[in-house]
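Here's the structure we're looking at; comments come further down.
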Amino acid sequence: MGNFRDRMLIYVVFMVLLLAGGPGCASGQKMVYMDNQESRSGMLSEQELLRKVEDPAKTEFGDKVDTRFKETVGKAKRMSVQEYLELLEEKNSPGEYRTGPGDVLRITVYEDKALSLDSARISAEGVIQYPLLGTLEVAGKTVSEIQNMISGKLKEMDFLVNPHVSVKITDYNSQQVVLLGAVHRPGSYALKKEETLLGMLSNAGGIREQEAGQHLILIRQEDELEGKPKIAVQIPLSDLLGSTDQPANLRVQADDTVYIPSASKFFVIGQVQKPGGYILKNSTSVAEAISMAGGFTSIAAPNRVHITRMAQNQKKVIRVNVKKMINDGPDHLDVTVQPNDLIVVPESYF
Numbered sequence: 001m002g003n004f005r006d007r008m009l010i011y012v013v014f015m016v017l018l019l020a021g022g023p024g025c026a027s028g029q030k031m032v033y034m035d036n037q038e039s040r041s042g043m044l045s046e047q048e049l050l051r052k053v054e055d056p057a058k059t060e061f062g063d064k065v066d067t068r069f070k071e072t073v074g075k076a077k078r079m080s081v082q083e084y085l086e087l088l089e090e091k092n093s094p095g096e097y098r099t100g101p102g103d104v105l106r107i108t109v110y111e112d113k114a115l116s117l118d119s120a121r122i123s124a125e126g127v128i129q130y131p132l133l134g135t136l137e138v139a140g141k142t143v144s145e146i147q148n149m150i151s152g153k154l155k156e157m158d159f160l161v162n163p164h165v166s167v168k169i170t171d172y173n174s175q176q177v178v179l180l181g182a183v184h185r186p187g188s189y190a191l192k193k194e195e196t197l198l199g200m201l202s203n204a205g206g207i208r209e210q211e212a213g214q215h216l217i218l219i220r221q222e223d224e225l226e227g228k229p230k231i232a233v234q235i236p237l238s239d240l241l242g243s244t245d246q247p248a249n250l251r252v253q254a255d256d257t258v259y260i261p262s263a264s265k266f267f268v269i270g271q272v273q274k275p276g277g278y279i280l281k282n283s284t285s286v287a288e289a290i291s292m293a294g295g296f297t298s299i300a301a302p303n304r305v306h307i308t309r310m311a312q313n314q315k316k317v318i319r320v321n322v323k324k325m326i327n328d329g330p331d332h333l334d335v336t337v338q339p340n341d342l343i344v345v346p347e348s349y350f
């Protein structure tokens, strides 16, 4: 009998320490099990977990990105696809590729092999060196414009009477598009031809569907004037992936940044069947969130569930009596989950 009382006393003391903040914890910190982390035996305080969730390097889209990129997005003028097409439709019309520094040309003159070049790289100054003609400025010109220029100069200088010139780009390097976020191979990609968003996403290995949010952000500089902010076109992925002919499948341009933010998440820890992080869908309630985590364990305290929420670097705790919701109905008691919410389900006292 004495052993039973001793065990009960130890249990009560442990629960008091657990709820009040045990040894080694800062005052006011609650200790919670992180069963979905690396070790099931480890303990993390809510504050430590919140530091993992609320990272100051995150953008409003929920991903760690370069600080300069974050600033660019913040300053960009936001618009929908429809607004972009109405204002700048002519700039999204198809156009022939224009060469630039780093591109490599193959030039063939059918009447004279000595005037042909297998590999002519455009210099940083935008020029190539050509037999007999010397330095030619080719950057910013299309393939057909370069062909006509070389043909005209050969004829003008009486090297050939009626030259036939072919120019092909064998290596594209001058125009780059950056893909970031929830794609399989993020990075910088050469823009080789008239290309669309779907084409560039394919080049990057496609979208990581399990991680992607609901939108793609296209960041573009439409006005070259110094100090002019960029624009950020927000495109629903459902529209973009619906068909290759959708208006949302915009043509990409040199120096575009294509960004797919990761989906917002919330976290459920404590006495649930499957603790961990879950993708936040529209209007997810606390009851639905707990259901996604497999429901309560047999020793959960559904009347003492709480949400820890970070807003403007301030921690807010919201109490939710899920037991009362189950008994009386959720109409006036349930709470809508927000990105990065931490839902804590404590253990019952007895």
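So that you can map any letter, position 339 of the sequence shown is 339 in UniProt numbering, and since no number is skipped, the others follow by simple counting. Idealized CB from N, CA, C, for every residue including glycine.
- In the structure shown, the three-state DSSP call for residue 286 is helix.
- Taking every protein chain shown into account, the CB of residue 144 has fewer than 16 other CB atoms within 10 angstroms, so this residue is exposed.
- For a cut-off of 8 Å, the C-beta gap from residue 77 to residue 232 is around 7 Å, short enough to register as a contact.
- DSSP places residue 322 inside the alpha helix (DSSP H), whose first and last residues are 322–328.
- Remark: C-beta atoms of residue 81 and residue 248 approach each other more closely than 8 Å.
- Cα atoms of residue 298 and residue 342: separation of roughly 21 Å, rounded to the nearest angstrom.
- Minimum Cα-Cα distance from residue 273 among the listed residues 296, 74, 264, 178 corresponds to 296.
- Distance between residue 324 and residue 304, taken at the CA atoms: about 10 Å.
- By DSSP's assignment, residue 350 forms no beta bridge with any residue.
- Annotation: residue 123 to residue 167 spans about 17 Å, alpha carbon to alpha carbon.
- Note that the C-beta distance between residue 280 and residue 240 is not below 8 Å.
- For residue 118, the enclosing beta strand (DSSP E) stretches over residues 117–121.
- The DSSP assignment places complete alpha helix (DSSP H) segments of no fewer than 4 residues inside the segment 135–209 at 143–156, 197–203, in order along the chain.
- Per DSSP, residue 80 is one residue of the beta strand (DSSP E) stretching across 77–80.
- Runs of the alpha helix (DSSP H) spanning 4 or more residues and lying entirely within the UniProt domain "Soluble ligand binding" (266–317) occur at 286–292, in chain order.
- Contact between residue 302 and residue 326 holds: CB atoms are separated by about 7 Å, below the 8 Å threshold.
- The DSSP-derived three-state label of residue 73 is helix.
- Closest option to residue 266, judged by alpha-carbon separation, among 125, 110, 337: 337.
- Contact between the segment 171–185 and the segment 93–108 is present, with at least three C-beta pairs closer than 8 Å.
- Taking 8 Å as the cut-off, the Cβ atoms of residue 107 and residue 116 count as close.
- Per DSSP, residue 237 is one residue of the alpha helix (DSSP H) stretching across 237–240.
- Classified as exposed, residue 312 has fewer than 16 neighbouring CB atoms from the shown chains inside 10 Å of its CB.
- The C-beta distance from residue 205 to residue 262 rounds to 16 Å, too long to meet the 8 Å contact threshold.
- When secondary structure is reduced to three states using DSSP, residue 85 falls in the helix class.
- Looking at the backbone, the Cα of residue 158 and that of residue 131 are separated by about 14 Å.
- Taking C-beta separations shorter than 6 Å and ignoring five residues to either side along the sequence, the partners of residue 165 in its chain run 109, 147, 150, 151, following chain order.
- Among the bridge pairs identified by DSSP, residue 98 is matched with none.
- Boundaries of the beta strand (DSSP E) around residue 108: 104–109.
- Residue 269 and residue 169 have their C-alpha atoms roughly 56 Å apart.
- Distances from the alpha-carbon of residue 321 to those of 310, 292, 340, 287 put 287 closest.
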